[in-house]
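Novice: Mind having a look at this structure? Questions to follow.
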Amino acid sequence: MTNLVSRWTLDIVFGIYLTLLVSALVVFADAPTPVRAGVVLPFLTFVPGYGLIAALYPERRTDSDRKNEAQTSPSASVASGGIISTAERAALTPIASAALVGSVVLVLEFTPFGLEPLPILGSIAVATCTCFLVAFGRRAQLPPEQRGGVAVAPAFDHLKSQFVVTASSPFGFESDGATNHRHVVLNLLVVVALVAVVVSAGTLVVSETAGQEFTEFYLVGENETGAYTVNSVPQNFTVGESRSVVVTLTNQEGEPHNYTVISKYQRVNRTPNEAQVVSERRLGTFEEDVAPGETARIRHRLEPNQPATNARVVYLLYTGDPPTNPTRANADQSLRLWISVRGN
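Printed below as a string of C-alpha cells:
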C-alpha cells in the first residue's frame, strides 16, 4: 500500500515543488539571465502541461487495458477521454503546456495586471499547482491499482518501446510497425509551433524580471484631501504666488542609493520642431538616501517672480554625486514641468 501511495503521489508532489522552486528562483534569486532562461523555459515547456494532463487523465494503463487496445485503434483512449499511455502523455505534455500558458497570457492581457512578468509567472504557477491538486483529488477517488503516477524505470522502458512514429496514430506512436515520414514532420511542426508559445512567454518572464532594477522618478501634487496625485501638479501661477511640487523617488534597484535631484528654471523659445533654452537658473539641489523598496518625497516650493508663457522647471536625477555641469543629456533621468505665469 505504501508503494502505491508513493507511486501515485510522487509526480504530483515533485511537480508542485518544482513550480514553487522555479517561482522563487525568478522572484528572489539574483541569477543572471542565462541561468533564468535555462530554468524557466524547460519548466514552462513541460511542467504545466504535465499537471494538466495528469488532471485530465488520472488513471494508469493496466495489462488488461493494453490487451484491449491491441484490438482497437491506439487513438481510441485519447478520443474517449479515458486512459492514455506513457508515450501519449509525453507527446501531449508540451502541447498542453502551450495551451495552458497561452490561455493564461491571453487572459492577463485583458486584466489590469497586463503582460508583466511577475503576474504571468504567478498566474502560471497558480494554474499549474491547481492542476496538480485536481489530479491528486481525481486519483484519490480511483481504486489504488488504477491510480496514475510514475514508476520511473518501467515508464522509461515503455516510452522507448513505443516511440516509433506511424500514420495510424495521431501522436506518432507504434501501431503496426510501419513509419510514415510525412506524419513525423507534421507532428513535429505542430509541437514546435506550440512550444514556441511557451518559449515566448518564458522569454518575457526571464528578460523583464532580469531588468526589474530601476528608479521611479515622477512629479505629483497634493490635493485638498492631502492625497498625492498627478492631476494636482500646479502648472498655472500668478507672480508672487507660492505653490508646491512633490518630486517622488522610489528605489526599485534592490540596494540602497544616494540620489541627487537638481532643479532648474528655464525660459524657452518654442517652435513646432524644438524648444530652445533662452535662459536658465538653478533653483535648488536635493539629496536623499533611499532604501530598497522605499519612497522619498521632496517638496519643492515654486514662486515665480515675473510673468512667463514659455517657461518650464526641469528636474535632473543623479545616482550619487552630480557632474559639474548638470544637464538633461547627462542626467540619469529628467522631468519637465511646463508652467504659465500671469502678472498681478
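Reading the sequence shown from the start, the letters are residues 4 to 347 in the numbering used here. Quick reminder that beta carbons are idealized off the backbone N, C-alpha and C, glycines included.
(1) According to DSSP, what are the bridge partners of Phe-49?
(2) From Val-242 to Arg-270, what does the alpha carbon distance come to, in whole angstroms?
(3) Locate the beta strand (DSSP E) running through Val-249, then write down its first and last residues.
(4) On the three-state DSSP scale, how would you describe Asp-292?
(5) Apart from the five residues just before and just after Glu-306, which ones in its own chain have a Cβ nearer than 6 Å to its Cβ?
(6) So, helix, strand or coil for Ser-106, using DSSP?
(7) Measuring alpha carbon to alpha carbon, tell me which residue in Asp-292, Glu-277 and Thr-253 is nearest His-260.
(8) What do you get for Trp-11, buried or exposed, if any count of 16 or more other CB atoms within 10 angstroms of its CB means buried?
(9) Going by CA-CA distance only, name the one from Glu-297, Glu-225, Gln-279 and Val-250 that's closest to Glu-258.
(10) Using the beta-carbon count (16 or more within 10 Å), is Arg-63 buried or exposed?
(11) By alpha-carbon positions, which one of Asn-272, Asn-276, Arg-304 and Tyr-268 ends up nearest to Arg-339?
(12) Starting from Thr-131, trace the alpha helix (DSSP H) both ways and give me its first and last residue.
(13) Thinking C-beta only, is Ile-127 closer than 8 Å to Val-99?
(14) Cutting at 6 Å between CB atoms, please list the residues of its own chain near Asn-313, excluding the five before and the five after it.
(15) Cβ of Val-50 within 8 Å of Cβ of Gly-18?
(16) What does the alpha-carbon distance come out to for the pair Leu-59 and Ala-102?
(17) Whole angstroms is fine: what's the gap from Leu-111's alpha carbon to Phe-135's?
(18) Going by DSSP, what residues sit across from Leu-222 in a beta bridge?
(19) Consult DSSP for Tyr-321 and reduce its assignment to one of helix, strand or coil.
(20) Under the DSSP definition of a beta bridge, which residues are partnered with Leu-305?
(21) Can you look up Ala-230 in the DSSP assignment and give me helix, strand or coil?
(22) Would you mind sorting Asp-324 into buried or exposed? The rule is 16 or more other CB atoms within 10 Å of its CB.
(23) Relative to the alpha-carbon of Thr-22, which residue among Gln-255, Phe-46, Gly-41 and Thr-89 has its alpha-carbon at the smallest distance?
(24) Using only the alpha-carbon positions, how far apart do Pro-2 and Ala-130 sit?
(25) Compute the distance between the beta-carbons of Phe-289 and Val-264, then report whether it is under 8 Å.
(26) Below 8 Å between beta carbons: does that hold for Arg-345 and Pro-295?
(27) Thinking C-alpha only, which one of Gly-224, Gly-125, Gly-151 and Val-223 is nearest Glu-27?
(28) For the putative contact between Phe-220 and Leu-320, defined by C-beta atoms under 8 Å, what is the C-beta separation to the nearest angstrom?
(29) Thinking C-beta only, is Val-316 closer than 8 Å to Arg-331?
(30) Starting from Phe-240 and walking both ways along the beta strand (DSSP E), at which residues does that stretch end?
(31) Given a threshold of 16 other Cβ atoms within 10 Å of its Cβ, counted over all protein chains shown, does Ser-282 qualify as buried or as exposed?
(32) From this set, Tyr-53, Val-223, Gly-151 and Pro-146, which residue's C-alpha is nearest Ile-301's C-alpha?
(33) Three-state secondary structure (DSSP) at Ala-299?
(34) Count the other C-beta atoms from every protein chain shown that fall within 10 angstroms of the C-beta of Val-16, then say buried if there are 16 or more, exposed otherwise.
Specialist: Here's the rundown:
(1) The partner list for Phe-49 (beta bridge, DSSP) is empty, contrary to what the question assumes.
(2) Whole-angstrom Cα-Cα distance: 15 Å.
(3) In the DSSP assignment, Val-249 falls within the unbroken beta strand (DSSP E) covering 246 to 255.
(4) Strand at Asp-292.
(5) Once the five neighbours on either side are set aside, the close Cβ partners of Glu-306 are Ser-245.
(6) The DSSP-derived three-state label of Ser-106 is helix.
(7) Residue Asp-292 is the option with its Cα nearest to His-260.
(8) The residue is buried, with at least 16 neighbouring Cβ atoms inside 10 Å.
(9) When only C-alpha atoms are compared, the closest one is Glu-297.
(10) It is buried - the Cβ of Arg-63 has at least 16 other Cβ atoms within 10 Å.
(11) Ranked by Cα distance from Arg-339, the first of Asn-272, Asn-276, Arg-304 and Tyr-268 is Tyr-268.
(12) Thr-131 -> alpha helix (DSSP H) spans 120 to 143.
(13) In the sequence on display, residue 99 carries Ala and not Val. Taking C-beta atoms as the reference points, Ala-99 and Ile-127 fail to come closer than 8 Å.
(14) So the list reads Val-271 and Arg-273, once near-sequence residues are dropped.
(15) For Val-50 and Gly-18, yes; Cβs fall inside 8 Å.
(16) Between the alpha carbons of Leu-59 and Ala-102 lies a distance of about 14 Å.
(17) Here the alpha carbon of Leu-111 sits roughly 21 Å from the alpha carbon of Phe-135.
(18) Val-250, per the DSSP bridge assignment.
(19) Three-state DSSP puts Tyr-321 in a strand.
(20) Partner(s): Arg-246.
(21) It is coil, neither helix nor strand.
(22) Around the beta carbon of Asp-324, fewer than 16 other beta carbons sit within 10 angstroms, so the residue counts as exposed.
(23) Minimum Cα distance to Thr-22 is reached at Phe-46.
(24) This structure gives no information on residue 2, because the portion of the chain shown stretches from 4 to 347.
(25) Cβ atoms of Phe-289 and Val-264: closer than 8 Å.
(26) One thing to note: Arg-345 has its Cβ no nearer than 8 Å to the Cβ of Pro-295.
(27) Correcting the residue type first, residue 27 is Ala in the shown sequence and not Glu. Nearest of Gly-224, Gly-125, Gly-151 and Val-223 to Ala-27, Cα basis: Gly-125.
(28) Rounded to the nearest angstrom, the Cβ distance from Phe-220 to Leu-320 is 5 Å, consistent with a contact under 8 Å.
(29) The answer is no: Cβ separation not under 8 Å.
(30) Its beta strand (DSSP E) spans residues 239 to 241.
(31) Counting Cβ neighbours within 10 Å, Ser-282 comes out exposed, since fewer than 16 surround it.
(32) Looking from the CA of Ile-301, the closest CA among Tyr-53, Val-223, Gly-151 and Pro-146 belongs to Val-223.
(33) Strand at Ala-299.
(34) Taking all protein chains shown into account, Val-16 has fewer than 16 neighbouring C-beta atoms within 10 Å of its C-beta and is therefore exposed.
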